[in-house]
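*Asks:* The structure that follows is given in the form of structure tokens.
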Amino acid sequence: MFSSRMERYALNTEASSKRQNGKARANAKTDATNSSRSQDERSEEMRSRLITASIGVLRERGFAGFNTEAVVQNAGVSRGALLHHYRRKRDLILAVHEHVYQIAVEKSIESAEAVTDQSMIFDEMLKDAESFFLGEHFFSVLGIVLSANTDPDLKTEILEASQKARLPIEAAWVKVMSEYMPRPLAENLVYMTYNMVRGYAMRTLWEDDAKKYAEVTTIWKSMMIDALKRENIEWPVDQAKLQRL
Numbered sequence: 175m176f177s178s179r180m181e182r183y184a185l186n187t188e189a190s191s192k193r194q195n196g197k198a199r200a201n202a203k204t205d206a207t208n209s210s211r212s213q214d215e216r217s218e219e220m221r222s223r224l225i226t227a228s229i230g231v232l233r234e235r236g237f238a239g240f241n242t243e244a245v246v247q248n249a250g251v252s253r254g255a256l257l258h259h260y261r262r263k264r265d266l267i268l269a270v271h272e273h274v275y276q277i278a279v280e281k282s283i284e285s286a287e288a289v290t291d292q293s294m295i296f297d298e299m300l301k302d303a304e305s306f307f308l309g310e311h312f313f314s315v316l317g318i319v320l321s322a323n324t325d326p327d328l329k330t331e332i333l334e335a336s337q338k339a340r341l342p343i344e345a346a347w348v349k350v351m352s353e354y355m356p357r358p359l360a361e362n363l364v365y366m367t368y369n370m371v372r373g374y375a376m377r378t379l380w381e382d383d384a385k386k387y388a389e390v391t392t393i394w395k396s397m398m399i400d401a402l403k404r405e406n407i408e409w410p411v412d413q414a415k416l417q418r419l
């Protein structure tokens, strides 16, 4: 009987030990997961901090005055923290470029998809173009693009990134407008709009005439509607007439 009790005790002890070991492994795994997640979050926060600081330096000094020391000071971090995430200056520049365009892409696609009033499509598309080209980030990006001319490899990466970012924005507006007109016409009107605003943004470097710009955009809108009329497209479409068809 004593032997039987000892065997049961040994079995219970072994089972208890296994349960404890299992719990310990589970807790260790949870701690490791939490630690990893926390580390990922800290890394993401640091990258965001460095990119924000870089944008500030670009805005204040331009690309010619951009250097990693200024970024470190602006971000309030150590140089080691910067090098841990961006070992080369070009890596940081590419990250800034990608970040700025990502914001623009998300905002533009959201704006295009949010348009429910057909008569406001042209106005909303114009506002979207202005938000980027007349906003705070365009000239920072422009400085990067122009300065990359001295570095063929960087120039290729920058231009490819710019193209990949801008095409989805224009495609989003083409998609919306194609519901009311032939796609080739929608593509031309979107192309004309963004080039017009980009051109005015460049002109603001030496002359910012808001009154003249307002006059030009009024003419631009008339030209858009005239282009539709030549295709026998009424604008805006009479929704009541559409429902009767």
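Our numbering applies: residue 175 is where the sequence shown begins, and numbers increase by one.
Every residue gets a Cβ at the ideal spot worked out from N, C-alpha and C, and that includes glycine.
Residue 267 and residue 318: beta carbons closer than 8 Å?
*Replies:* Numbered from 1 along the sequence shown, position 93 holds the residue referred to as residue 267. Numbered from 1 along the sequence shown, position 144 holds the residue referred to as residue 318. In this structure, residue 318 lies closer than 8 Å to residue 267 by Cβ.
*Asks:* Starting from residue 274, follow the alpha helix (DSSP H) in both directions and report where the run begins and ends.
*Replies:* Start at 1 with the first residue of the sequence shown, and residue 274 comes out as number 100. 263 to 288 is the span of the alpha helix (DSSP H), which, as asked, contains residue 274.
*Asks:* Skipping 5 residues on each side, what residues in its chain have a beta carbon closer than 7 Å to that of residue 272?
*Replies:* Residue numbering aside, residue 272 sits at position 98 when the sequence shown is read from its first letter. Contacts found: 335.
*Asks:* To the nearest angstrom, how far is it from the Cα of residue 239 to the Cα of residue 368?
*Replies:* Here residue 239 is taken as the residue at index 65 of the sequence shown, counted from 1. Here residue 368 is taken as the residue at index 194 of the sequence shown, counted from 1. Computed Cα separation, rounded: 29 Å.
*Asks:* What does the Cβ neighbour count give for residue 302, buried or exposed, with the cut at 16 atoms within 10 Å?
*Replies:* Translated into positions along the sequence shown, residue 302 becomes position 128. With 16 or more Cβ atoms within 10 Å of its Cβ, residue 302 is classed as buried.
*Asks:* Quick one, which of 280, 264, 343 and 260 has its alpha-carbon nearest residue 326's?
*Replies:* In the sequence shown, the residue the question calls residue 326 occupies position 152. Minimum Cα distance to residue 326 is reached at 264.
*Asks:* What residue range does the alpha helix (DSSP H) around residue 248 cover?
*Replies:* Along the sequence shown, one-based indexing puts residue 248 at 74. Taken as a continuous stretch (DSSP letters only), the alpha helix (DSSP H) holding residue 248 covers 242 to 249.
*Asks:* Do residue 405 and residue 359 count as a contact pair if the criterion is CB distance below 8 Å?
*Replies:* What you label residue 359 is simply residue 185 of the sequence shown in a count that begins at 1. What you label residue 405 is simply residue 231 of the sequence shown in a count that begins at 1. Contact: yes.
*Asks:* Residues in its own chain within less than 8 Å of residue 230 by CB, not counting five upstream and five downstream?
*Replies:* Translated into the one-based positions of the sequence shown, residue 230 becomes position 56. Excluding residues within five positions, the ones whose Cβ falls inside 8 Å are 248.
*Asks:* So which of 233, 394, 384 and 216 has the shortest CA-CA distance to residue 312?
*Replies:* Here residue 312 refers to the residue found at position 138 of the sequence shown. Minimum Cα distance to residue 312 is reached at 233.
*Asks:* From residue 284 to residue 324, what distance separates their C-alpha atoms?
*Replies:* One-based indexing of the sequence shown puts residue 284 at position 110. One-based indexing of the sequence shown puts residue 324 at position 150. The alpha-carbon atoms of residue 284 and residue 324 are separated by roughly 36 Å.
*Asks:* Measure the alpha-carbon distance for residue 364 versus residue 347 and round it to whole angstroms.
*Replies:* Position 190 of the sequence shown, counted from the first residue, corresponds to residue 364. Position 173 of the sequence shown, counted from the first residue, corresponds to residue 347. Taking the straight line from one Cα to the other gives about 7 Å.
*Asks:* Less than 7 Å between C-beta atoms, sequence neighbours within five positions excluded: which residues of the same chain meet that for residue 409?
*Replies:* By 1-based counting over the sequence shown, the position of residue 409 is 235. Cβ neighbours of residue 409 beyond the five flanking positions: 399 and 402.
*Asks:* Can residue 274 and residue 314 be called in contact, C-beta distance under 8 Å?
*Replies:* Translated into positions along the sequence shown, residue 274 becomes position 100. Translated into positions along the sequence shown, residue 314 becomes position 140. Yes, these two residues count as a Cβ contact at 8 Å.
*Asks:* Using a 10 Å radius around the Cβ and a threshold of 16 neighbouring Cβ atoms, would you call residue 288 buried or exposed?
*Replies:* Working through the sequence shown from its first residue, we reach residue 288 at position 114. So residue 288 ends up on the exposed side.
*Asks:* Excluding the five sequence neighbours on either side, which residues of its own chain have a C-beta within less than 6 Å of the C-beta of residue 296, listed in chain order?
*Replies:* Translated into the one-based positions of the sequence shown, residue 296 becomes position 122. For residue 296, where only same-chain residues beyond five positions count, the Cβ hits under 6 Å are 395 and 398.
*Asks:* Which residues in the same chain as residue 235 place their Cβ atom closer than 8 Å to its Cβ, once the five residues preceding and following it in sequence are excluded?
*Replies:* What you label residue 235 is simply residue 61 of the sequence shown in a count that begins at 1. The residues are 244.
*Asks:* Rounded to whole angstroms, what's the CA-CA distance from residue 300 to residue 343? Just pull it up for me.
*Replies:* The residue you call residue 300 lines up with position 126 of the sequence shown. The residue you call residue 343 lines up with position 169 of the sequence shown. Approximately 12 Å between the Cα atoms of the pair.
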